[in-house]
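Going letter by letter, the sequence shown gives residues 329 to 750 in this note's numbering. We put the CB at the ideal spot given by N, CA and C, even for glycine. Here the structure is a predicted model, which means the values were calculated and not measured. Working notes, beginning with the structure itself.
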Amino acid sequence: MNIYTLIILFVIIVVYLIETTAELFNVKNISNNIPPEFDGYFDREKYSKAQEYLKANTKFSIISSTFFLTAQIIFIVSRGFNYVNTIAVSFGFETVLTGLVFAGIIFFAFEILKIPFSAYSVFVIEENFGFNRMNVKTFISDLLKSWIITAVIGAVIFAAVLWLFANVCGHAWLYAFATIVIFELFITFIAPVAIMPLFNKYTPLEDGELKNSVEEYAKKENFKMKGLFKMDGSKRSAKSNAFFTGFGRFRRIVLFDTLIQKHTVDELTSILAHEMGHFKLGHIVKHIIFSFVLSGIMLFVFSLLIDKVWLYDAFFMRTQPIYAGIIFFSFLYTPVSLIISTVSNYFSRKHEYEADFYAVATYKKPQAMINALKKLSVDNMSNLYPHKFKVFLEYLHPPVMERIKAINRAVSSEKSKNFSVY
329 MNIYTLIILF VIIVVYLIET TAELFNVKNI SNNIPPEFDG YFDREKYSKA QEYLKANTKF
389 SIISSTFFLT AQIIFIVSRG FNYVNTIAVS FGFETVLTGL VFAGIIFFAF EILKIPFSAY
449 SVFVIEENFG FNRMNVKTFI SDLLKSWIIT AVIGAVIFAA VLWLFANVCG HAWLYAFATI
509 VIFELFITFI APVAIMPLFN KYTPLEDGEL KNSVEEYAKK ENFKMKGLFK MDGSKRSAKS
569 NAFFTGFGRF RRIVLFDTLI QKHTVDELTS ILAHEMGHFK LGHIVKHIIF SFVLSGIMLF
629 VFSLLIDKVW LYDAFFMRTQ PIYAGIIFFS FLYTPVSLII STVSNYFSRK HEYEADFYAV
689 ATYKKPQAMI NALKKLSVDN MSNLYPHKFK VFLEYLHPPV MERIKAINRA VSSEKSKNFS
749 VY
């Protein structure tokens, strides 16, 4: 075992230990005290159940991550990559097809290993805590469809990048970057009409008070959209959510049917005002630009490492095929990914606060927003006392208690200005 292998394994283990530490800190931070803000929302029984839900998910997360870490290490040191490459090369295909076979074997092997863990999460944990609405048929159907979609999209991107690095001299990374940007934008536009309906049914929101309220607010804020849709989220889970999808005039507002059932019109409009705030404040565009810049940097760095023999030696490869280098680079990227995601999550939480303030400032019903956050937390059994390290490392949204306090502070400071936060 060479020094490069040891370094890579060391880095993978360190990342695992950091993430596991965050999980342990988080579960030990549980408090038996129900916050006064949640009086009338969380009763003692429901609150205790939410704590048990956190413990169950934490235990499951640590067990599953430990399993996959062990599987990765065994696969690397047992020269698994070289063995898979031997199989891929045996078909006699040219480089791109050989690379697709190589990546395909690894992808589906990993996905098959994930099946029992996914099934346990859905049919044991989610079922025991009253969230699961999915049957085995739907589970298998979703699994197969997600495999096909991921395989097709992944194969197109992987093949394009591989071909460019194998055949274009000089600035292959730049052409690969342009290809990825164009393809990802294309997928973003077609997903609402070609991909998402494969998993859920989307029906136009029926005429009524809710539709009128949202459309009136959107018109006031000059927010153009394709329409309001209801999604049959209850087909799979009792959890609630709402989101936007698409761009420009193809933007759609989607509400889970479970969300509509549990919230008032003002609460739902506040939630959607928050989502519109992300668009109006440029958060979506900033996220996309950040993602593209990151992809460009990754491809450039990969172009510098692609011909380094040590990269292939670290994974016990006897040859240096470019397609294997792409996979190996992802291992080197592991610690960088942890750092980047931590920074990205910080800005995501910042944007959530800003979107909350936008909703309060424009819809002018802060209590409705606060009530919506409380109901969502209770219905989804959210952790009200997450550990700061867990939040720092992984949270895309600020803890609900922090969001409520921030809204109240904004309301208090802006009362004399009629909520003119922006």
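Which value, in whole angstroms, describes the spacing of the CA atoms of residue i and residue j?
{"i": "R461", "j": "K608", "result": "35 Å"}
{"i": "R731", "j": "S669", "result": "21 Å"}
{"i": "I390", "j": "K718", "result": "14 Å"}
{"i": "W784", "j": "I481", "result": "Lying before the first or after the last residue shown, residue 784 is absent from the chain, which here runs from 329 to 750."}
{"i": "G561", "j": "I634", "result": "44 Å"}
{"i": "F572", "j": "M697", "result": "18 Å"}
{"i": "F557", "j": "F459", "result": "22 Å"}
{"i": "A652", "j": "L382", "result": "38 Å"}
{"i": "V342", "j": "T349", "result": "10 Å"}
{"i": "K733", "j": "G368", "result": "18 Å"}
{"i": "G432", "j": "N569", "result": "33 Å"}
{"i": "A494", "j": "M645", "result": "18 Å"}
{"i": "I346", "j": "N357", "result": "17 Å"}
{"i": "P727", "j": "F366", "result": "14 Å"}
{"i": "P444", "j": "N550", "result": "47 Å"}
{"i": "Y411", "j": "V405", "result": "12 Å"}
{"i": "H781", "j": "M709", "result": "Shown here, the chain extends from 329 to 750; a query on residue 781 therefore has no answer."}
{"i": "A689", "j": "S449", "result": "39 Å"}
{"i": "R579", "j": "T516", "result": "11 Å"}
{"i": "H611", "j": "S446", "result": "32 Å"}
{"i": "Y750", "j": "K552", "result": "The pLDDT assigned to Y750 is 41, lower than 50, so where the model puts this residue is not dependable, and the model offers no usable value."}
{"i": "R407", "j": "S665", "result": "25 Å"}
{"i": "E351", "j": "T386", "result": "6 Å"}
{"i": "H606", "j": "A488", "result": "32 Å"}
Starting from the Cα of residue i, find the closest Cα among the options and give me that residue.
{"i": "S472", "options": "M645, N456 and I440", "result": "Rather than Ser, the amino acid found at residue 472 in this sequence is Leu. Nearest option by C-alpha distance: I440."}
{"i": "A566", "options": "F493, A479, E454 and T647", "result": "E454"}
{"i": "I477", "options": "F571, K442, V489 and F436", "result": "F436"}
{"i": "F457", "options": "D707, F505 and N528", "result": "D707"}
{"i": "L490", "options": "N354, L428, A447 and E347", "result": "L428"}
{"i": "T333", "options": "K529, D371, S376 and A642", "result": "A642"}
{"i": "F486", "options": "S658, R737, Y723 and K693", "result": "S658"}
{"i": "V509", "options": "V450, I402, G420 and G624", "result": "G624"}
{"i": "Y686", "options": "S705, Y545 and Y344", "result": "Y545"}
{"i": "I335", "options": "W638, V521 and V484", "result": "W638"}
{"i": "L712", "options": "I523, Y344 and N361", "result": "N361"}
{"i": "Y344", "options": "L587, K374 and S392", "result": "S392"}
{"i": "M672", "options": "L701, I616 and Y640", "result": "Note that residue 672 is Ser in the sequence shown here, rather than Met. Cα-wise, what sits closest to S672 is I616."}
{"i": "Q695", "options": "A738, F467, K636 and E512", "result": "A738"}
{"i": "F505", "options": "L627, S741 and V593", "result": "L627"}
{"i": "N413", "options": "I401, T426, I402 and E422", "result": "T426"}
{"i": "N699", "options": "I735, E722, V417 and L721", "result": "I735"}
{"i": "L526", "options": "F575, H725, N463 and M559", "result": "M559"}
{"i": "K465", "options": "P649, R564 and K590", "result": "R564"}
Taking DSSP as the reference, what is the three-state secondary structure of residue i?
{"i": "I336", "result": "helix"}
{"i": "Y530", "result": "strand"}
{"i": "T573", "result": "strand"}
{"i": "L556", "result": "strand"}
{"i": "Y413", "result": "The residue you asked about is not Tyr; residue 413 is Asn in the sequence shown. Three-state result, N413: helix."}
{"i": "N460", "result": "strand"}
{"i": "S565", "result": "strand"}
{"i": "T466", "result": "helix"}
{"i": "S740", "result": "helix"}
{"i": "V496", "result": "coil"}
{"i": "A642", "result": "coil"}
{"i": "N746", "result": "Because the pLDDT of N746 is 49, which lies under 50, any placement of that residue in the model is unreliable, and the question is left without a value."}
{"i": "D367", "result": "coil"}
{"i": "S710", "result": "coil"}
{"i": "N354", "result": "helix"}
{"i": "F329", "result": "Per the sequence shown, residue 329 should be read as Met rather than Phe. If DSSP states are grouped into helix, strand and coil, M329 belongs with coil."}
{"i": "F486", "result": "helix"}
{"i": "S359", "result": "coil"}
{"i": "T647", "result": "coil"}
{"i": "G420", "result": "coil"}
Go to residue i, then tell me how far its beta strand (DSSP E) extends in each direction, as first and last residue.
{"i": "L583", "result": "R580 to F584"}
Quick check on the DSSP output: the alpha helix (DSSP H) that includes residue i runs from which residue to which?
{"i": "Y503", "result": "A500 to I518"}
{"i": "Q379", "result": "R372 to V405"}
{"i": "Y545", "result": "E537 to K548"}
{"i": "E682", "result": "I650 to Y691"}
{"i": "N699", "result": "P694 to D707"}
{"i": "I616", "result": "H611 to L633"}
{"i": "P444", "result": "T423 to Y448"}
{"i": "V521", "result": "Looking at the DSSP string, V521 is not in any alpha helix (DSSP H), and its letter there is neither H nor E."}
{"i": "M604", "result": "V593 to K608"}
{"i": "K718", "result": "K716 to E722"}
task: Spell out a yes or no on whether the region 670-679 and the region 524-537 are touching, meaning 3 or more CB-CB pairs, one atom from each, closer than 8 Å.
output: Below 8 Å, too few C-beta pairs join the region 670-679 and the region 524-537 to call them touching: fewer than three.
- request: Report yes or no: do the region 390-401 and the region 614-634 share at least 3 C-beta pairs separated by less than 8 Å?
  value: At 8 Å Cβ cutoff, the stretches do not touch.
query: Is there contact between the region 578-598 and the region 541-551, where contact requires at least three CB pairs shorter than 8 Å?
result: Yes, since at least three Cβ pairs between the region 578-598 and the region 541-551 fall closer than 8 Å, the two stretches touch.
query: Would you say the region 501-511 touches the region 626-643, given that touching needs at least three Cβ pairs under 8 Å?
result: Taking 8 Å as the limit for Cβ pairs, the verdict is that the region 626-643 does touch the region 501-511.
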